[in-house]
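4 protein chains.
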Amino acid sequence: MQKTAFASDNTSGICPEALESFIAANTANMASYGNDEWTRRACDAIRDLFQTDCDVFFVFNGTAANSLALASLVQSYHSIICHKLSHVETDECGGPEFFSNGTKLLLAEGEGGKLDVEGIARLVAARTDIHYPKPRAVTITQSTEVGTVYSLAEVQAIGATCREMGLAFHMDGARFANAVAHLGVSPAELTWKAGVDVLSFGGTKMGMPVGEAVVFFNHQLAQDFAYRCKQAGQLASKMRFLAAPWVGMLQDNAWLKRATHANAMATRLSDALAALPGVSLMFPTQANAVFVNLPANAAQVLKEKGWAFYSFIGAGGARFVCSWATTVEEVDTLVADVQTGLSVAG
Amino acid sequence: MQKTAFASDNTSGICPEALESFIAANTANMASYGNDEWTRRACDAIRDLFQTDCDVFFVFNGTAANSLALASLVQSYHSIICHKLSHVETDECGGPEFFSNGTKLLLAEGEGGKLDVEGIARLVAARTDIHYPKPRAVTITQSTEVGTVYSLAEVQAIGATCREMGLAFHMDGARFANAVAHLGVSPAELTWKAGVDVLSFGGTKMGMPVGEAVVFFNHQLAQDFAYRCKQAGQLASKMRFLAAPWVGMLQDNAWLKRATHANAMATRLSDALAALPGVSLMFPTQANAVFVNLPANAAQVLKEKGWAFYSFIGAGGARFVCSWATTVEEVDTLVADVQTGLSVAG
Amino acid sequence: MQKTAFASDNTSGICPEALESFIAANTANMASYGNDEWTRRACDAIRDLFQTDCDVFFVFNGTAANSLALASLVQSYHSIICHKLSHVETDECGGPEFFSNGTKLLLAEGEGGKLDVEGIARLVAARTDIHYPKPRAVTITQSTEVGTVYSLAEVQAIGATCREMGLAFHMDGARFANAVAHLGVSPAELTWKAGVDVLSFGGTKMGMPVGEAVVFFNHQLAQDFAYRCKQAGQLASKMRFLAAPWVGMLQDNAWLKRATHANAMATRLSDALAALPGVSLMFPTQANAVFVNLPANAAQVLKEKGWAFYSFIGAGGARFVCSWATTVEEVDTLVADVQTGLSVAG
Amino acid sequence: MQKTAFASDNTSGICPEALESFIAANTANMASYGNDEWTRRACDAIRDLFQTDCDVFFVFNGTAANSLALASLVQSYHSIICHKLSHVETDECGGPEFFSNGTKLLLAEGEGGKLDVEGIARLVAARTDIHYPKPRAVTITQSTEVGTVYSLAEVQAIGATCREMGLAFHMDGARFANAVAHLGVSPAELTWKAGVDVLSFGGTKMGMPVGEAVVFFNHQLAQDFAYRCKQAGQLASKMRFLAAPWVGMLQDNAWLKRATHANAMATRLSDALAALPGVSLMFPTQANAVFVNLPANAAQVLKEKGWAFYSFIGAGGARFVCSWATTVEEVDTLVADVQTGLSVAG
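Protein chains in written order, with this note's numbering: chain A, 79 to 424; chain B, 79 to 424; chain C, 79 to 424; chain D, 79 to 424.
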């Protein structure tokens, strides 16, 4: 039997606060397509959270949230600047290119899986002729695909560069909660106050069964976005079931508490693994994911014991992701199994 | 306070059998993206239902199910034949055109909202030059947008025509359950045995919170369809929550019992309304929707009493849709309110 | 041997004025992609013609000119209002839908193949919900596909309606020259002064070997249009050969003289045919095309004598198109052959 | 006054053999859209050249030829393997992504601007999960963007790998003539006999005013390709003017003689420049382009003297391209100017 606890944060189930309001929404008949009370409440809760009158749209998953948000910023002959390890580049099967009808992603290097101002400037300057797509937007993954977090200053610097260069600024926040939990800054500071135009706010990895929110801080960019969602198969008829979990999660800061727990579990795991001989961290553990170089024998033992984990970055690299559901026991069992593995002759 | 009971079948909540298995699926960690036990069980249940080894994919909603299924049948320079009142034409905001990158829908007339063999033949013959998109697929809505149902013979005739003319055959079954309940034939007979290549099997209107199944009876057409779903933002990470409701609904024929109830409520409503002076049926009531010509004063009174309903087809036409949740009391209250309305001076 | 003189205006060769400057452009090396003297001269000539500082782009053919112009006015979830007999609907194999990634064409009826203000208003009002594409642009074919011409007042009225309703206004001028020749108004009056935002100005049917001009009167809509052309395979490397014919045709009003001749030939043909017993005009002959109801025996004789012509509109309808190259002799021979045909027993 | 002789091979005019048949085609009326004698002759000439019954389509330019050919090999969720310096990646403004509705290009390294078997295998193996586009085609540029030529053995090896791995094989032959002239092998050997499925056969750079041929050696892949061209704005109405130049160029091997001349001029230039102190070749000169590292002072002097050339690859790199029109005098003048530049104090 496979142990999927650390394979991803989407192997977890539904967080109690999300489930409670999901079930509470299952009353009598209710207007469909978002014209219901739960959707209104969820939108208001998000506006409260960000302390601004943003435009909120609920879609089904992260690929859709990112791809539709980006498509609203560019035309097909434009390009989008991102880190070469960004989720939109590595894990959405060409979703952004599909929804934008061909917009190219321009890939930058950058320490710790993070795009930086120099990388953006370099790509903008690289080609300015008509034979190459024109940069029109920047997207960053916060927290990143390698478990790091952009500091507030880093986000602000990118925001300033975008304004200066006439680029729209999108944040892929599939794990936005983990980033906020790590940084301890307000959602407003980390987004629109820092120049972010549109945020994909992740619900699924946070503990919902399904659903993400696309949050536009720039009203003009949100124009007709509801039509875009509808045409793209992202308008839920029984919208209340996408919206209700947000109401539950945003009450009493549940979303942040749950993310803080996930981060803490990752830190516990990271500290324990880093202390083992022959194991080294690939990236600093700042959110809910741990990336380590694991000796081959240890990795082998983990697999024999049924642990599922990805090892797609470099030789020997292993990723372990924690969620709202991760327990101390699971962390300690995994660490113990790694120890066992290390003791096996290579 | 708005009364949405008859506005659509998607104003209803989650059917008990669907909810029960949804909640049952919320256990510990589980592999994501469909590599879980619930998804396996749901696929098997659908294969059992259709008595064949079909390929099953779960997507989020009907626009996606239809658009992705159709996109897998055609190229952008092809065309798709459908009735002018088909859902893909009238209510998906250009979704089929978007996902296929521009494929044109060719619209046929046809009694009772139903496409017929003559209509197909006429459109295929109308243009055979390179300056017009080449017909490559046919899609029918079963049950239709006006509450009628294609008979088994009608489906078989269209299937035969498609084979003869080299056209792929898609069935939009957002209300497939209501059609099966009306006809009393097996799902297999009504689909692949009649020549249907791919079915959009509706879950939401049947009583699920979210989700439809795309069922390919033709393995070749299903090739790489999982990639298509992923790229198009239709691959759920926590797939078990899309799949589990199918397990519940397909057990002990719950899906069919629920649809039979919805149809019965529509018949009760239809019979009562048709007996009222000045009210006439626009289409025979064969599934779960009733279309009537309502005198203006009656319509006005209904609105004043808070009833939500669509009236988009012709002058005075009103649509009332029943679902698994519709009660005899709701039907009788609506009928009484229509009666009251009729007694008001026009 | 087939006689193609009246099959279309694109069966003709290259007009002397166009050929002369084409050959004159074939000198030594010259900057490519439009950075050459001929392109500069052609753009200036078009700006002079329209008496305004418009943005001019040369593309290869009419499908591209129309599709790219329209794509710059809409997003995929919008719709474009046109007459049901417009060229973009009937003869571009879904080009507009393809380049816009799925934008729907909304079809209006209208006398003489012409869209009118009522038709536009009706389509705008028909659906205002999110489940149907939102009207965002209007396109008219001037002269029309059935040989009629919008009067200046008609164009102005549509322009005013577009402004009022927030719709962009495109004119498909594949046969713009024939329309101007018929109306005797200035190109400026017939376009931007009447509210046209962008014009597809036809070169091929006017006498060039290849090429059309997309003329934007609204600078904002032209933003990044050069990138759009490049990505869409519509940026000629040896641009001078697309541009030079415009220089020749626009000198000394050659374009208008040639179109006037084509119209005159059509009038001669129209008058002669209309005078024959059993032959009737389907539409008034206002530009360079004649549409007649031809008795079956006459049509049969024409085919036996090798005449190529389209008969795609209604039973018995035949289209004959004149061009810069049509001669009086050809017209008279055709008329004589129709007479012969009429004398054959039916 | 700018000297554009070496800026690109598309700064040249029309080659005499091409112009002669272009003008010869300008006779009386002729059937449009390719149903004419010149198109038939041109297609036959290409079939003769390749000694096989291939499917031939004439389109307007290289971006279209490549993008449409590639789009016919893949779906949007697939990927196309190419060298990171391939033309489709670096100079078509996202054309391949646009026409395929989002297909990703996967970039390989490789000596001399050439893709190799190892690079293909590495990209195929890199990702085999559903979250990344599935490799489905390979495209190579022959001759390459850096003036090198794939040997027959190299093409054959890639062809064999494609067959083995189930990948379609496209050759971007914008400068196919230069490659054939260099290698001295038959067009058949270099294409279908080596496993190439479809070739973009360049006409413009060879000496035509406009136009490329898409040549399918695999009939199945060519299915409905004429519709694809029409929809994509690539079906010329006066097709004879695209086709006729091919008739002229393919007669008496004119195309190959002209390409041989261009290559010889490049060799002359390359040899002379390489002999200069401080100048070094960046790539071997195998076709009609020369890439050299030029000291800054020399580059500066060239610019002052009006020479246009690209310098987009690395610091100091300069590209000079020869064509059918390049003269010995032009080569020698350029070399002399470089010499002058080198003598200027840096």
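Glycine residues also receive a C-beta, built at the ideal position from the N, C-alpha and C atoms. In this text the structure is predicted, and so the values were computed from the model without any measurement.
Short of 8 Å from the beta carbon of P355 (chain A), and not among the five residues preceding or following it, lie these beta carbons of its own chain, in chain order: L420. In this structure, the straight-line span from the alpha carbon of V224 (chain C) to that of P373 (chain C) is close to 19 Å. Annotation note: the segment 257-323 of chain C contains the following uninterrupted beta strand (DSSP E) runs of length 3 or greater, listed N- to C-terminal: 276-280, 290-294. Excluding sequence positions up to five before and after V409 (chain B), its CB lies within less than 7 Å of the CB of M343, R346, L347, all in the same chain and listed in chain order. Taken through DSSP and simplified to helix, strand or coil, N371 (chain D) comes out as strand.
In chain order, Q309, A310 make up the part of chain B whose C-beta sits under 7 Å from the C-beta of F176 (chain A). Taking 8 Å as the threshold, the shortest C-beta distance from R306 (chain D) to chain B falls below it. Residue pairing from DSSP leaves P211 (chain D) without any beta-bridge partner. Under the Cβ criterion of 8 Å, I101 (chain C) is not counted among the residues facing chain A.
If you draw a 10 Å sphere on the C-beta of K192 (chain D), you find 16 or more other C-beta atoms in it, and that means buried. Within the segment 119-175 of chain D, the runs of alpha helix (DSSP H) that reach at least 4 residues and sit entirely inside it are, in chain order, 140-149, 165-168.
CA-CA distance, W116 (chain D) to A147 (chain D), rounds to 23 Å.
For G188 (chain A), the closest of A:A199, A:T130, A:H161 by C-alpha to C-alpha distance is A:H161. By DSSP's assignment, T405 (chain C) forms no beta bridge with any residue.
The residues S221, A337, A340, N341, A365, N366, in chain order, have a CB closer than 7 Å to that of N256 (chain C) in the same chain once the five nearest residues on each side in sequence are set aside.
Taken through DSSP and simplified to helix, strand or coil, G395 (chain A) comes out as strand.
The Cβ atoms of D302 (chain B) and Q153 (chain D) sit closer than 8 Å to each other.
Around the CB of T405 (chain C), fewer than 16 other CB atoms lie within 10 Å, so the residue is classed as exposed. Checking the DSSP bridge columns, you'll see V216 (chain C) partnered with C:I159, C:F247.
Taking the Cα positions, R119 (chain A) is about 30 Å away from E170 (chain A).
Contacts with chain B (Cβ-Cβ distance below 8 Å) from the segment 151-169 of chain D involve Q153, S154, Y155, H156, listed in chain order.
Leaving aside the five residues that flank E290 (chain A) on each side, the residues in its chain whose CB is nearer than 7 Å to its CB run, in chain order, V137, N139, G140, A143, S278, F279, G280, G281, T282. Between the alpha carbons of A102 (chain B) and A321 (chain B) lies a distance of about 12 Å.
Distance check between K271 (chain A) and each of A:T130, A:D126, A:C121, A:V416 places A:T130 closest, using alpha-carbon atoms only. DSSP places K192 (chain B) in the coil class of the three-state scheme, outside both helix and strand.
Residue contact check for S389 (chain C) against chain D: no CB pair falls below 8 Å. Among the residues of the segment 312-327 of chain D, those with a Cβ less than 9 Å away from any Cβ of chain B are L313, in the order of the chain. A distance of 8 Å or more separates the beta carbons of R214 (chain A) and S164 (chain A). In the assembly as shown, E167 (chain D) is a buried residue. Its beta-carbon has 16 or more other beta-carbons within 10 Å.
Its chain contains A350 as the residues whose beta carbon lies nearer than 6 Å to that of V413 (chain C), once the 5 sequence neighbours on both sides are disregarded; these appear in chain order. A direct Cα-Cα distance of roughly 7 Å separates I198 (chain A) from I159 (chain A). When the alpha-carbon of T239 (chain B) is set against those of B:F387, B:E267, B:F135, B:V274, the nearest one is in B:V274. Q329 (chain B) and Y210 (chain B) have their C-alpha atoms roughly 47 Å apart. Pairwise C-beta distances place the segment 86-93 of chain C in contact with the segment 104-111 of chain D, as three or more of them are shorter than 8 Å.
N296 (chain B) has a beta carbon lying at 8 Å or more from every beta carbon in chain D. Chain C has no Cβ within less than 8 Å of the Cβ of Q378 (chain D).
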